[in-house]
Amino acid sequence: MPRVVPDQKFKFESDELFRKLSRDSEIKYAGFPDRSHEERVMRFQSDCREGYSIVTFVSTGTNLELHCKPAYKDTEDKMDRDYNVDIDNNAGKIYLTSSFIMNGVCVKWKGWLDVQRLEGLGCLEFNEEMAKVEDRLLRESLQLSNDHISTF
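The sequence shown runs contiguously to residue 1027 in the working numbering.
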């Protein structure tokens, strides 16, 4: 079963959900909704340090579990920059970046949340580099399947 659709960019640009999520939108931290605000603030910061967070696009109700790791300012590794969390203590914001496959399309989520309000802005972008890699894997997989079928 392929992980991505054949024409990811077209689907990203034409799908209504992706069009909505590709605009800067209000987001909220969705973790531990049954806890007090103070505990949620502590858990949010702890989750971010551990490399993940759950956010909700308020306009659509779309929940995403983001996987990240601490940002390294001097990193040369492109993958490190695609999955990071940057805690800016001076501004009271946490910046998150996470790449993943959603509905068969390679995307990158970028945004920030206020540490105290647990609200911020975020959006999805089409991840061209990841899409090329996944497209190559899809084509190789299809070729192997076709080769296997033709041997019978």
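Note that the Cβ used here is the ideal one computed from N, Cα and C, for glycine as well.
Asked	Found
What distance in whole Å lies between the Cβ atoms of S900 and F932, which are believed to be in contact at a cut-off of 8 Å?	5 Å
Could you give the residue range of the alpha helix (DSSP H) that holds L896?	891-896
If we ignore side chains and look at the alpha-carbon of each, how far apart do N938 and V880 end up?	21 Å
Below 7 Å CB to CB, which residues in the same chain sit around D922 once its five sequence neighbours on both sides are set aside?	G906, S928
Start and end of the alpha helix (DSSP H) containing D922?	912-925
Going by DSSP, name the residue or residues bridged to F1001.	V982
Just to confirm the assignment, what range does the beta strand (DSSP E) spanning T937 have?	937-942
What is the rounded straight-line gap between the Cα of W987 and the Cα of N1021?	45 Å
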